[in-house]
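Just so it is clear: in the sequence shown, position 492 is 782 by the numbering used here, and no numbers are missing.
Using N, Cα and C, we set each Cβ at its ideal position, and we do this for glycine too.
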Amino acid sequence: MQMAPTFTTAQKGKAPETAETPAKALPPVGPSQQGRPYPPATRTINAIFSIDPTAQRQGAEVGGISKHHASSIPLTFCSEDLPQQSNLHNDPIVVVARIADFDVRRVLLDSGSAADILFESTFLQMGLKETNLLHAGTTLLDFSGERVQPLGFITLPISFGDNNGHAMSMVNFAVIRAKSGYNAILGRTTLNSFGMVISMPHLCAKFPTSNGVVTIRGDAIQATRCFQIAAQLVVDQMDPKETQPVSPQEGVVSVALGSEGSSKIVNVSSFLNEKQQAEVTVLLSDYVDVFAWSPKDVTGMDRIVCKHHLNVSQTASPIAQKKRVMAGERQDDIKEEIIKLLGAGYIREVQYPRWLTNVVMVRNASGKWRMCVDFRSLNQACPKNTYPIPRIDTMIDRTVGYRVMSFLDAFSGYHQIWMAKEDEEKTAFITDYGTYCYKVMPFGLKNASATYQRMIDAVFKDQRGRNLEAYVDDVLVKSKTLTKHLSDLREMLDTLRRYNLKLNPAKCTFGAASGKFLGYLASVRGIEANPDKISAI
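Okay, here's the thing in structure tokens:
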């Protein structure tokens with residue numbers, strides 16, 4: 291089920307009834323009043339890839355709607371109104387709405403929202419400009435209580451229906467800069483202005499007009515697409531760092547640790563000569579246990595040192611979602627992932643969870659399906675951890691003058707931190723193969739990156755800034771000479787061993803002169819242009 295935030299307003303002053311929008315800057319108003327033909331839209335707005343619906347709404351002026359119809363015409367729903375695919379669905383009602391002169395797709399009807407939202411990307415695609423906005427001291431509050439400041443407000447006509455019956459209302463939209471699978475959200479005041487009644491099982495809404503009852507049907511395909519976009523955004527927000535791997539600018543040489551023919555391989559930079567490569571290899575061979583060669587090698591930090599607490603608000607009501615239907619090919623990937631997580635000891639079965647959510651499948655860069663857990667409902671019930679994440683540019687600046695670097699990445703870094711025992715079952719998720727919860731800190735939790743950064747800062751407190759930079763689970767060891775670098779590496783590896791933290795050998799490179807770190811090229815000269823980005827331009 292895709293959760294849409296509910297919005298209220300925190301006002302410094304009364305919000306405007308109308309927005310001053312110069313007529314020449316607006317597209318001509320397309321919707322007609324009742325009793326006249328319903329003209330076609332001049333454009334259709336399909337996909338605006340932007341989430342986190344954050345918004346506000348104020349009272350709408352009603353035009354072309356006789357409000358007495360709401361009580362004089364009965365609105366009923368029957369079996370004929372049920373969606374063709376199935377009445378056993380959890381889809382939100384996503385419709386096409388005529389806004390000004392545009393048919394805007396992916397509009398969410400949200401009776402729980404006190405705000406009417408127009409996302410900035412949609413606003414711009416309609417040819418509108420910031421000068422069309424009326425600014426007011428109105429702050430929006432999302433479901434979790436976080437404040438969102440609109441870019442401004444604009445009043446636009448919105449209509450539903452066809453030649454057999456239609457109605458129009460003037461709606462004061464809050465324009466929001468946020469990412470969402472939706473283009474717009476219509477809140478309860480606008481729905482009430484139409485006299486609209488929603489039936490979730492029937493996936494449709496109805497409202498009365500002088501020509502009879504108008505039925506607006508939700509688009510299940512578009513609702514699914516919105517869910518997929520939201521799922522991808524969940525993945526994108528799981529980790530604040532860029533998804534680009536840490537890698538050297540020069541080539542690498544794969545060397546075996548331990549006895550000849552060992553399958554335990556690490557990467558040493560070709561920047562080093564053979565003698566220097568051998569010195570690095572000898573050092574790393576003393577720390578084979580610091581690398582994880584499979585998920586089973588990750589045994590986790592001691593809970594006394596670090597564990598992840600959710601701090602769910604005491605006023606939050608647990609939300610248990612119904613299981614969503616998944617296509618067959620994705621079920622195979624889910625089963626494979628469940629087996630892997632169980633084998634690694636990352637998850638366990640749970641029988642009576644009060645919090646329960648679904649998994650979502652998102653394609654990764656290689657085209658394979660990746661299983662993620664949609665923790666949005668749980669995240670909304672958790673306060674934000676304000677622990678600071680380091681500035682990337684500052685860390686890169688601190689590499690100036692260091693000639694030898696090692697780029698390191700933790701093996702499933704988040705999974706090396708245990709969940710607090712009392713919070714494990716709150717991470718429960720449902721699949722066709724059972725209901726499970728996480729024993730370790732999963733990706734997607736609101737404050738996971740803050741917990742990890744706090745741990746890293748504490749563990750490397752004696753090295754950060756001196757010979758090491760750490761951003762979440764990416765670590766860079768820096769030295770002026772190779773001899774000093776061997777000493778710095780040993781200090782870092784001793785720390786990892788002491789706290790039982792494991793590196794991913796496939797994503798580490800030792801002894802490089804430069805390399806891509808968090809989207810930048812780190813070298814003795816500090817920040818340099820990333821060649822990949824230059825070639826892309």
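Query	Result
Can you find the residues in the same chain that come closer than 7 Å, C-beta to C-beta, to residue 463, ignoring five residues on each side of it along the sequence?	406, 407, 408, 443, 444, 446
Ordered along the chain, which non-local residues of its own chain (more than five positions away) have a Cβ less than 6 Å from that of residue 496?	365, 487, 503, 505
Is the region 416–427 in contact with the region 471–481, if contact means three or more CB pairs nearer than 8 Å?	no
Of the residues 763, 789, 774, which one's Cα is nearest the Cα of residue 797?	763
Please determine, among 544, 513, 783, the residue with the shortest C-alpha to C-alpha distance to residue 573.	783
For residue 554 and residue 640, what's the separation of their Cα atoms in angstroms?	36 Å
Quick check on this structure: which residue in 609, 705, 482 has the alpha carbon closest to the alpha carbon of residue 590?	705
Alpha carbon to alpha carbon, how far is residue 439 from residue 466?	8 Å
Between the Cα of residue 659 and the Cα atoms of 579, 694, 616, which residue gives the shortest distance?	616
Identify whether residue 457 lies in helix, strand or coil by the three-state DSSP scheme.	strand
Figure out for me which residue from 599, 552, 564, 768 has the closest Cα to the Cα of residue 691.	768
Of the residues 400, 694, 766, which one's Cα is nearest the Cα of residue 563?	694
To test your reading of the DSSP string, which unbroken beta strand (DSSP E) runs of 3 or more residues are found completely within the region 394–436?	407–409, 428–431
Would the beta-carbon of residue 799 fall within 8 Å of that of residue 560?	no
Between the C-alpha atoms of residue 598 and residue 557, what's the straight-line distance to the nearest angstrom?	32 Å
Taking the alpha helix (DSSP H) that residue 482 belongs to, which residues open and close that run?	478–483
Return the chain-ordered ranges of every alpha helix (DSSP H) run that is complete within the region 552–638 and spans a minimum of 4 residues.	564–575, 618–634
Tell me whether residue 532 sits in a helix, a strand or coil according to DSSP, three-state version.	Reliability of the predicted coordinates at residue 532 is poor, the pLDDT of 40 falling under 50, and no value is obtained from them.
Give the straight-line distance between the Cα atoms of residue 508 and residue 471, rounded to the nearest whole angstrom.	15 Å
I need the straight-line Cα distance from residue 752 to residue 587, nearest angstrom please.	27 Å
Counting Cβ pairs, one atom from each stretch, are 3 or more of them under 8 Å apart for the region 715–728 and the region 575–587?	no
Starting from the Cα of residue 425, find the closest Cα among 441, 411, 412 and give me that residue.	441
Could you round the C-beta distance between residue 398 and residue 382 to whole angstroms and report it? I think they count as a contact, below 8 Å.	6 Å
Looking only at C-alpha atoms, which of 455, 733, 717, 701 sits nearest to residue 642?	717
From residue 485 to residue 448, what distance separates their C-alpha atoms?	14 Å
Are the CB atoms of residue 786 and residue 696 within a distance shorter than 8 Å?	no
I need the straight-line Cα distance from residue 577 to residue 606, nearest angstrom please.	46 Å
Does residue 807 come out as helix, strand or coil in the three-state DSSP assignment?	strand
Which whole-angstrom value is the C-beta distance of residue 512 and residue 384, which I expect to be below 8 Å?	5 Å
Pick out whichever of 711, 637, 429 has its Cα sitting closest to the Cα of residue 601.	711
From residue 481 to residue 625, what distance separates their C-alpha atoms?	42 Å
Please report the Cβ distance between residue 689 and residue 668, rounded to the nearest whole angstrom; I am assuming they are in contact, meaning their Cβ atoms lie under 8 Å.	Rounded, the Cβ-Cβ distance is 38 Å, inconsistent with contact.
Helix, strand or coil for residue 388 per DSSP?	strand
Can you grab the Cα-Cα spacing for the pair residue 612 / residue 721, in whole Å?	10 Å
Check this for me: beta carbons of residue 652 and residue 734, under 8 Å apart or not?	no
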